[in-house]
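Taking this note's numbering, the leading residue of the sequence shown gets -6, the next gets one more, and so forth.
Read through the structure below, which is laid out as structure tokens, and then see the notes.
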Amino acid sequence: MTTVEPPAGGAGGHGLVRDGHGELPRVPLLDSSPQTSLRPGACTGVGSLPHRSVHDAATFALREYDVPAIPTLPRRSPAEGMIAQALVGITGVTLGQYGSIAVDAGKLDPDAPVATDIEHDAYGGLRAFLATARARCLRGPVKWQFTGPVTLGTALTRVGAPPERAFAVAAASVRAHVAVIAHAVAEALPDSPQIVWFDEPWLGELMQPGFPIAPDPAIDLLSTAMAMLEPIATVGVHCCADADVASLLAAGPAMLSIPLHPRLADVAGYLAPFLEDGGRIAWGVVPTDGPIPTTSERSWRLLSDVWCELVNRGCDPVELRSRSLVTPACGLGVHAPDVAARVVRLTREIGRRVHDQAVASRFALGA
């Protein structure tokens, strides 16, 4: 048995489901009607929240985000950590009392059924959010995310699983879990189109020597996971590390969620066609590591500077503004609840500015 820790930077009666390959619920695509479209600058969340109360977390997510984001709550239970949650139900994996994960690499089997139990402690935040949102008759988009197959497979290799088996098990586990979660969300919130991001922090190491999977198979692995949900959701990828944007986009996401950084101007040649083809970018505009800012001015200036450079290098200014969302840079699970509230407030402030600029750009173009 070996224990594994999650990567740095992360974050109704559904019963026990053992087959994640069944038919997925049919719900509207995000852009299927004007009522479900996203406004420019809409604010949503990334992964974890710091609350220990599932009710407080659900209330926060519904109140603070323009697009409510279903949270994970690793402080409430280590089982809600991103790696732990993805490993629960895999043959050969045992979750310890204090959140440690014991993996018997010899028992990992990609053909074994994956038990996805929504009633498990790993899904406390999800259950509370769905119950609260359903009681409030939530309509409109709802966003959630889950550990991606590349990150999960990498975690398994780091506890001794052979890479071929590790990534095959990871792919099967992710497929099983997200199918059940998507069904649970659709059942509880039938009027809420789903936005789903695969969380891939370890894709930041994809181009490093010794990474356990080559770039092309890694891209295929992520693309296949996203394709499974594309009929019933708007699917994207989130990476809070310094990832190769070209590789992320090669997987074919409809949304790209990345922290704001000046170097993103250097990939304008990839971002411009992505936006032109209808893609959306969720900019992580407020940092979540290091000192937390007290105002949104510095983050807004950085976003404006990056956008100016992107326009200079070929991005359409109207598309750039109209197809942008804003988020905190990464999950908020390591911060106190009052700090998390401040980060989201600053993010919303920037989102309002993005919205105003998008409206002004369209007006100027029409004039």
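We put the beta carbon where it would ideally sit given N, CA and C, even for glycine.
For valine 327, the nearest candidate out of Val304, Arg346, Thr281, Asp309 (CA to CA): Counting from one through the sequence shown, the residue named residue 327 turns up at place 334. Sorting Val304, Arg346, Thr281, Asp309 by C-alpha distance to the C-alpha of valine 327 places Thr281 at the top.
Alanine 265: first and last residue of the uninterrupted alpha helix (DSSP H) it sits in: The sequence position of residue 265 within the sequence shown is 272, counting from 1. It spans 261 to 269 - the alpha helix (DSSP H) in which alanine 265 sits, taken as one unbroken run.
CB-CB length for arginine 314 against leucine 268, believed under 8 Å: Taking the first residue of the sequence shown as 1, we reach residue 314 at position 321. Taking the first residue of the sequence shown as 1, we reach residue 268 at position 275. Contact doesn't hold; Cβ gap of about 10 Å is too wide.
Proximity below 8 Å, CB of alanine 163 to CB of leucine 182: Along the sequence shown, read from residue 1 onward, the residue named residue 163 stands at position 170. Along the sequence shown, read from residue 1 onward, the residue named residue 182 stands at position 189. No. Outside cutoff.
Cα-Cα separation, isoleucine 212 to valine 189: Numbered from 1 along the sequence shown, position 219 holds the residue referred to as residue 212. Numbered from 1 along the sequence shown, position 196 holds the residue referred to as residue 189. Cα to Cα, the separation comes out at about 17 Å.
Burial state of histidine 348 (16 or more Cβ within 10 Å): Counting from one through the sequence shown, the residue named residue 348 turns up at place 355. Classification for histidine 348: buried.
Range covered by the alpha helix (DSSP H) that runs through leucine 313: Indexing the sequence shown from 1 puts residue 313 at position 320. Start and end: 310 to 315.
Simplified DSSP state of threonine 340, which is helix, strand or coil: Position 347 of the sequence shown, counted from the first residue, corresponds to residue 340. If DSSP states are grouped into helix, strand and coil, threonine 340 belongs with the helices.
Exposure of histidine 48, with buried meaning 16 or more beta-carbon neighbours within 10 Å: Locating residue 48 in the sequence shown gives position 55, counting from the first residue. Around the C-beta of histidine 48, fewer than 16 other C-beta atoms lie within 10 Å, and the residue is accordingly described as exposed.
Outcome for threonine 287 when other beta-carbon atoms lying within 10 angstroms are tallied against a minimum of 16: Mapped onto the sequence shown, residue 287 falls at position 294. Threonine 287 comes out exposed.
Collapsed DSSP secondary structure at serine 70 in the structure displayed: Indexing the sequence shown from 1 puts residue 70 at position 77. Residue state, collapsed to three classes: coil.
Status (buried if at least 16 other CB within 10 Å, exposed otherwise) for lysine 136: What you label residue 136 is simply residue 143 of the sequence shown in a count that begins at 1. Lysine 136 is buried by the Cβ-count criterion.
Which residues DSSP lists as bridging cysteine 36, in chain order: Here residue 36 refers to the residue found at position 43 of the sequence shown. In DSSP, cysteine 36 forms a bridge with Val319.
Cβ-based burial, alanine 226 [other Cβ within 10 Å; buried from 16]: Sequence index remark: in the sequence shown, residue 226 carries index 233 (1-based). A residue is called buried when at least 16 other Cβ atoms come within 10 angstroms of its Cβ; alanine 226 meets this threshold and is buried.
Opposing strand residues paired with lysine 136 [DSSP bridges]: Against the sequence shown, residue 136 aligns to sequence position 143. Beta-bridge analysis with DSSP links lysine 136 to Ala62, Ile188.
Member of Leu196, Leu214, Gly272, Pro202 whose CA lies at the smallest distance from the CA of aspartate 237: As a working note, residue 237 is residue 244 in the sequence shown. For the residues Leu196, Leu214, Gly272, Pro202, the minimum Cα distance to aspartate 237 belongs to Leu196.
Buried/exposed call for alanine 207, threshold 16 Cβ in 10 Å: The residue given as residue 207 occupies position 214 in the sequence shown. Under the 10 Å beta carbon count, alanine 207 is surrounded by fewer than 16 other beta carbons and is classified as exposed.
For proline 252 and glycine 277, believed in contact at Cβ under 8 Å, the rounded distance: Taking the first residue of the sequence shown as position 1, residue 277 is located at position 284. Taking the first residue of the sequence shown as position 1, residue 252 is located at position 259. Right, their Cβ atoms sit about 4 Å apart.
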